[in-house]
């Protein structure tokens, strides 16, 4: 249990060591393929992982498929989690790779190349038969405007926006997860934020 | 005020939200925003966009966690069933390799002796020795590849809506 001590730095130190212990225990549990632990993790991270996948794929159905497949991978490759990094960053990296692999199977080169507007047309992951996939995700009318704005933003920007402003990951953590230099992550965040602002203004106008 | 000042203010507005800014930059920006209505509007719009983004809710599909837990447990059971076989295969390979190495000088002599009594050319019994060494490894490799191919086919899946 976390014991509160007056000094801020000591508290930080104790807290980080507790986190490290937790991660170590988590890594051991994943190595053992502990079913109870996996059940708990699925419950605990369901919303965050699903949200990340919805942002990444722009499709609720695909996000559901990738969600399940991600946890199967966590089970199979749990021994690869070393307990040094944040579990959620490792989890999102698995999910991201699954999406990229799926894209590659569809005869494309990589998510980054497809989604980076500087290198060509932005990725549209929506299936041909789905009229407006992102709209299906949101049920509230007042959120439809936000949603419509996000639809106009390339996936590569949506991804960094969700990681930074909803998951609140550090830029360095994002760089590791995305296997991208810190400068590129920052650049995507700058452009993504500007894009979302413009898209929302466009939607409001 | 020239365009460069506004461009700088715009960059700092975004930088502040993305990675933070220094105290000097914050002071400068605050002063600029008090004087410049268009940059102040831009800062406000950026904050509104961020607020909307953070407040956006994505409803979870009903039963998603339960379905996933069920699939994960099934897969775990499959893995538990196949793993002892795989381990046994690896163990057999390792033992076979160790025995092969340990017995190589004797087998070499045995092949040499066979060559002498049958009058076979040297190259023939040497090839025989080579095959004696490589065939089990090739068989083991083939089994491994087949196992892997089977596993990949089993875990292959197609997302809905494809």
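Residue numbers (my numbering), protein chains in the order written: chain Y, 1 to 205; chain F, 1 to 162.
Heads up, the beta-carbon is just placed ideally off N, CA and C, and yes, glycines get one too.
**Message:** Between the alpha carbons of residue 70(Y) and residue 103(Y), how many angstroms are there, rounded?
**Reply:** 15 Å
**Asked** When the Cα atoms are used, what is the spatial distance from residue 9(Y) to residue 201(Y)?
**Response** Confidence is the limiting factor: at residue 9(Y) the pLDDT is only 42, short of 50, which leaves the residue's position unreliable, though a coordinate-based value still follows. Each residue's Cα considered, the two are about 43 Å apart.
**Prompt:** Would DSSP call residue 36(F) helix, strand or coil?
**Reply:** coil
**Message:** Let me confirm a value: residue 29(Y) is counted as buried when at least 16 other C-beta atoms fall within 10 Å, else exposed. Which label applies?
**Reply:** buried
**Prompt:** Can you find a CB in chain Y that lies within less than 8 Å of the CB of residue 86(F)?
**Reply:** No, its Cβ sits nowhere closer than 8 Å to a Cβ of chain Y.
**Prompt:** If we count the other Cβ atoms within 10 Å of its Cβ and call it buried at 16 or more, is residue 149(Y) buried or exposed?
**Reply:** buried
**Item:** Within chain F, the residues that residue 200(Y) reaches when beta carbons sit closer than 8 Å
**Value:** 45, 48, 49 and 52
**the stretch 19-47 of chain F: positions lying closer than 7 Å to chain Y by Cβ** = 19, 45 and 46
**Request:** Grab me the residues of residue 49(F)'s own chain with a C-beta within less than 6 Å of its C-beta, minus the 5 sequence neighbours each way, in chain order.
**Result:** Excluding sequence neighbours, residue 49(F) sits near nothing in its chain.
**Asked** When we look at the beta-carbon of residue 58(Y) and count the other beta-carbons within 10 Å, is it buried (16 or more) or exposed?
**Response** buried
**Backbone secondary structure at residue 21(F) - three-state DSSP** = coil
**residue 108(F) beta carbon less than 8 Å from that of residue 115(F)** = Their beta carbons are not under 8 Å apart, which means residue 115(F) does not touch residue 108(F) by this criterion.
**Item:** Any chain Y beta carbon closer than 8 Å to residue 144(F)
**Value:** no
**Prompt:** Are residue 174(Y) and residue 158(Y) close, meaning C-beta to C-beta below 8 Å?
**Reply:** no
**Proximity of residue 16(F) and residue 186(Y) at Cβ, strictly below 8 Å** = Against a cut-off of 8 Å, the Cβ pair of residue 186(Y) and residue 16(F) comes out as no contact.
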